[in-house]
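In our numbering, the protein residues as written are 30 to 137.
By construction, the Cβ of each residue, glycine as well, lies at the ideal position given by its N, Cα and C atoms.
The block underneath contains the structure these notes are about, expressed in structure tokens.
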């Protein structure tokens, strides 16, 4: 079993309504229309009005930090009013996940 397969299996255990997208080139193309890139990463220094977060500690610390960041920057409203949220990993995993807003926090 590959790493992709293991992670997909864990994702599907969270919810069978999470959509795993194996061919996510169209999502990457759409992002490419909106952002400048350096290799496979968005060049955040060329993006206006962005905020970043350097996570510290372990996974459980990260969840608190991410939740605080989301609420402090009013991102929770954007999440709730989105049709879909896409998780894209540009390194070890070769798939994307489409997440409904109500599934976002569970997916974290």
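Closest by C-alpha distance to residue i, when choosing among the options
i: residue 115; options: 57, 38, 35, 89; result: 57
i: residue 135; options: 46, 77, 30, 32; result: 46
i: residue 83; options: 73, 76, 77, 94; result: 94
i: residue 81; options: 30, 62, 104; result: 104
i: residue 90; options: 129, 55, 137; result: 137
i: residue 54; options: 30, 117, 129, 64; result: 117
i: residue 92; options: 133, 61, 129; result: 133
Sequence-distant residues of the same chain with beta carbon closer than 6 Å to residue i, five excluded per side
i: residue 48; result: 127
i: residue 113; result: 127
i: residue 130; result: 108, 109, 111
Per-residue DSSP class, three states only, for residue i
i: residue 127; result: strand
i: residue 66; result: strand
i: residue 47; result: coil
Alpha helix (DSSP H) segment containing residue i, residue limits
i: residue 122; result: Unbroken run through residue 122: none, as it is neither H nor E.
i: residue 96; result: 88 to 101
i: residue 106; result: 104 to 109
i: residue 140; result: For the chain, the structure presents residues 30 to 137; residue 140 sits outside this window and is missing.
Cβ neighbours of residue i in the same chain (closer than 7 Å, five flanking residues each side left out)
i: residue 121; result: 32
i: residue 51; result: 124
Contact with chain D by residue i, beta-carbon distance below 8 Å
i: residue 96; result: Of the chains in the structure shown, none is chain D; there is only one protein chain.
Own chain partners of residue i with C-beta closer than 8 Å, once the 5 adjacent residues on each side are dropped
i: residue 34; result: none
i: residue 99; result: 105, 108
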